[in-house]
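K.L.:
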Amino acid sequence: MNSFLTEQQQREFVNRGFSRRNFGRLAAMIGGAAAMPFFNEPALAQLSRVDNVPPDSVFINSNENPLGPCPEAREAAHKMVEQGGRYLFGQTDRVTKLLQEQEQLKNGYVRVHPGSSGPLHQAVLAFTSPTRPFVTGDPGYEAGGRAARFIGAQAINVPLTKSYAHDVKAMAAASPTAGLIYICNPNNPTGTLTPRADIDWLIENKPKGSIVMIDEAYTHIAGDMFTTDLVRADKDVIILRTFSKIYGMAGLRAGAAFARPDLQDKISGYSQTMMPVTGMAAAAASLESKNLIATRRKMIADVRENVFGFFEKKNFKYVPSVSNCFMVDVGRPGNDVVQALRREKVIVGRVWSAWPNHVRVTVGLPEEMEKFKVAFAKVMA
11 MNSFLTEQQQ REFVNRGFSR RNFGRLAAMI GGAAAMPFFN EPALAQLSRV
61 DNVPPDSVFI NSNENPLGPC PEAREAAHKM VEQGGRYLFG QTDRVTKLLQ
111 EQEQLKNGYV RVHPGSSGPL HQAVLAFTSP TRPFVTGDPG YEAGGRAARF
161 IGAQAINVPL TKSYAHDVKA MAAASPTAGL IYICNPNNPT GTLTPRADID
211 WLIENKPKGS IVMIDEAYTH IAGDMFTTDL VRADKDVIIL RTFSKIYGMA
261 GLRAGAAFAR PDLQDKISGY SQTMMPVTGM AAAAASLESK NLIATRRKMI
311 ADVRENVFGF FEKKNFKYVP SVSNCFMVDV GRPGNDVVQA LRREKVIVGR
361 VWSAWPNHVR VTVGLPEEME KFKVAFAKVM A
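Residue numbers (this note's numbering): 11 to 391.
Right, dumping it as structure tokens:
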């Protein structure tokens, strides 16, 4: 397996504290991070997936957007199928240019990926090692930590604050040699926000040489602040965006990373991926769609707040999310409730070990959440 690493890569990894025993897994990450079956985005979604369930079940388990791509994106992807026999690299250039213009970023600061899992894994390869840990919130999105442990780097989980924000001071103090500090904002699975002031503090007080990665997969839904200005200011920051959530393109695969060109080069050094032209056509059409974000944000919020009203009426405890998922405290082992809901043909998300009595639920369509409320009341009774 070592032969899949160039001599330059082998020297670099040894200099960063890896032993030659790590080379096989490092090569596996470089050669197929998007297909690795134990920590990537589809695999984590599979943790919430079940087979052999009735097709009329309610699937509110994987933070998908049941609205799907907007009409303009569907039409653009359909038309692109006719040209699918060609590489059409210009479609990726089009998405890159649109993001540069909308985010007011210079050339080289935007790079497009098939979703946001790829650049997350590549950043783990680029910036963590046995001596440079990966630091994340707990509970939080697990992909980065799993990737770090797989290659032999330490992953440090830092509990959230009492207000369900990332504890940035504890994260900064977690390791004086932290390589990558990851903040998903709003957080997955809690759907809660970390204040911008806390993020600014972390940028200025992080360990020397560490990189802060801000995953903004759900920020459109929250309607809160984006942090692209930190990239414009050339801070040690990488921002992830995806078209899987507000744009409803989880299956079409499109995303992007915003960062200084030198950070982009370090990430891209571990992967060269051809983008799907249908996904690029749909992504460009989504970016050009008028009022799409505001309309969908309100639709998701209205359904979410309706469910929260139900919780309050029934005295169920929940975490006040601003995203398209939330955590509900079921007061007993969460997996028991997951299985009980499954028998009612309502499929909800997985349980985090940090919060074993909580279950994650995705915000679905109004009619889906009505079925959830009936089933949840029955199970909790």
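Ideal Cβ positions, reconstructed from N, Cα and C, are used throughout, including at glycine. Just so we're clear, the structure is a prediction, and the values are computed from it rather than from any experiment.
(1) When the Cα atoms are used, what is the spatial distance from Gly395 to Lys383?
(2) Hey, how far is the Cα of Lys308 from the Cα of Gly258?
(3) Counting Cβ pairs closer than 8 Å, one from the stretch 75 to 92 and one from the stretch 268 to 281, do we hit at least three?
(4) Name the DSSP bridge partner or partners of Asn167?
(5) Are at least three pairs of beta-carbons, each pair with one atom in the stretch 107 to 126 and one in the stretch 319 to 335, less than 8 Å apart?
(6) Could you check which residue in Arg370, Ala153 and Asn25 has the C-alpha nearest to that of Asn71?
(7) So, is Glu92 buried or exposed, given that buried needs 16 or more other C-beta atoms within 10 angstroms?
(8) Please classify Asp225 as buried or exposed, where buried requires at least 16 other C-beta atoms within 10 Å of its C-beta.
(9) Buried or exposed: which applies to Arg96, given that a residue is buried once 16 or more other Cβ atoms fall within 10 Å of its Cβ?
(10) If you draw a straight line from the alpha carbon of Pro169 to that of Ala293, how long is it in whole angstroms?
(11) In chain order, what residues of the same chain lie with their CB nearer than 8 Å to the CB of Leu15, ignoring the 5 residues before and after it?
(12) For Met46, which three-state DSSP category applies?
(13) Ignore the nearest five residues each way along the sequence and tell me which others in Gly344's own chain have a CB closer than 7 Å to its CB.
(14) From Asn62 to Asp246, what does the alpha carbon distance come to, in whole angstroms?
(15) Taking only three categories from DSSP, how would you classify Gly359?
(16) Go to Asp339, then tell me how far its beta strand (DSSP E) extends in each direction, as first and last residue.
(17) Taking buried to mean at least 16 other C-beta atoms within 10 Å of its own C-beta, is Pro10 buried or exposed?
(18) For Ala86 and Ile161, what's the separation of their Cα atoms in angstroms?
(19) Checking contacts by CB at 8 Å: is Ala188 closer than that to chain D?
(20) Could you please give the first and the last residue of the uninterrupted alpha helix (DSSP H) stretch that includes Val384?
P.N.:
Concretely, from the data shown:
(1) Outside the displayed range of the chain (11 to 391) lies residue 395, so it cannot be described from this structure.
(2) 15 Å
(3) no
(4) Thr146
(5) no
(6) Arg370
(7) exposed
(8) buried
(9) exposed
(10) 35 Å
(11) Phe23, Phe33, Leu36, Ala37 and Ile40
(12) Here the model assigns Met46 a pLDDT of 49, short of 50, so the residue's position is not dependable, and the following value carries that caveat. Residue state, collapsed to three classes: coil.
(13) Val361, Pro366, Asn367, His368 and Val369
(14) 46 Å
(15) coil
(16) Cys335 to Asp339
(17) Because the chain in this structure spans residues 11 to 391, residue 10 falls outside the shown range and cannot be described.
(18) 39 Å
(19) The structure shown contains no chain D; it is built from a single protein chain.
(20) Pro376 to Met390
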